[in-house]
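Encoded as structure tokens, the structure appears first; notes follow it.
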Amino acid sequence: PRDEVFAFFENPRNLEKLTPKAMDFSIREIDDLPVKPGFRIAYTIKWLFLPIRWVTIFEEYDPPRGFTDVQAKGPYRLWRHEHSFEDLGDRTLMRDRVQYELPFGILGSIAHRLIVARQLKHIFDYRARRIRKLFAESGTPAA
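Every position in the sequence shown, counted from 1, becomes a number in this note's numbering once 4 is added.
Structure below.
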């Protein structure tokens with residue numbers, strides 16, 4: 005059911021389960037649950053073997069339909085990640101929509117073409133596989 009799927013995704017501690025191991029995802033600070041607009045999480049990931057500090061803030065929060073988190077501090081000029089959840093009978097359709105911009109002008113554009121676009125595809129492909137596996141194991145149907 006959508007409520008169960010939403011509950012999994014709204015808990016930032018589950019991010020580790022959805023992030024490739026090589027990225028070494030680690031939460032540094034987290035606000036007290038429950039999640040609400042303004043909820044903050046600080047974490048570190050590895051990118052090309054470099055530790056990157058990232059701070060995410062939940063900007064919009066509409067359970068169980070969706071939520072939006074934005075990067076307050078991190079490697080992007082802009083990072084806005086919308087999560088939406090739709091009831092499909094006994095299944096739930098979860099959608100990710102990410103808007104992002106890289107810093108550094110032309111150098112950022114080159115990095116996007118050479119590295120970043122491919123890495124983001126890899127990360128979200130991994131995420132999709134993990135979601136299917138985790139929800140299959142739990143018996144909760146996910147679309």
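Beta carbons: idealized from backbone N, C-alpha and C, even for Gly.
Does the separation of the CB atoms of residue i and residue j fall below 7 angstroms?
i	j	result
Arg6	Asp91	yes
Ala61	Arg81	Rather than Ala, the amino acid found at residue 61 in this sequence is Ile. No, these two residues do not count as a Cβ contact at 7 angstroms.
His4	Val102	Look at the range of the chain in this structure, 5 to 147, and you will see that residue 4 is not part of it.
Asp28	Lys50	yes
Glu33	Ala46	yes
Out of curiosity, what's the CA-to-CA distance linking residue i and residue j?
i	j	result
Lys77	Ile56	10 angstroms
His126	Arg17	21 angstroms
Ala11	Pro68	8 angstroms
Tyr9	Arg95	Position check: residue 9 holds Val in this sequence, whereas Tyr was assumed. Those two C-alpha atoms are separated by around 10 angstroms.
Gly42	Lys137	31 angstroms
Asp73	Tyr104	12 angstroms
Ile119	Leu52	10 angstroms
Glu20	Asp100	17 angstroms
Ile114	Pro107	11 angstroms
Leu111	Gly93	46 angstroms
Gln123	Pro38	31 angstroms
Gly13	Gly109	The amino acid occupying residue 13 in the given sequence is Phe; Gly does not appear at that position. Distance between the alpha carbons of Phe13 and Gly109: 33 angstroms.
Asn15	Ala121	26 angstroms
Thr48	Lys40	22 angstroms
Ile31	Gln75	15 angstroms
Using 7 angstroms as the limit for Cβ to Cβ distance, is residue i near chain B?
i	result
Gly78	No chain B is present in this structure, which holds just one protein chain.
Per DSSP, residue i forms a beta bridge with which residues?
i	result
Glu8	Answer is none; Glu8 lacks a bridge partner.
Glu141	In the DSSP output, where bridge partners are listed per residue, Glu141 has none listed.
Pick out the complete alpha helix (DSSP H) segments inside the region 15–103, 4 residues or longer, and give them in chain order.
Within the region 15–103, the runs of alpha helix (DSSP H) that reach at least 4 residues and sit entirely inside it are, in chain order, 19–22.
Report yes or no: do three or more beta-carbon pairs, one from the region 121–141 and one from the region 22–35, lie closer than 8 angstroms?
Touching, per the Cβ criterion.
Quick one: complete alpha helix (DSSP H) runs, 4+ long, within the region 101–137?
Counting whole runs of 4 or more residues, the region 101–137 contains the alpha helix (DSSP H) stretches 109–115.
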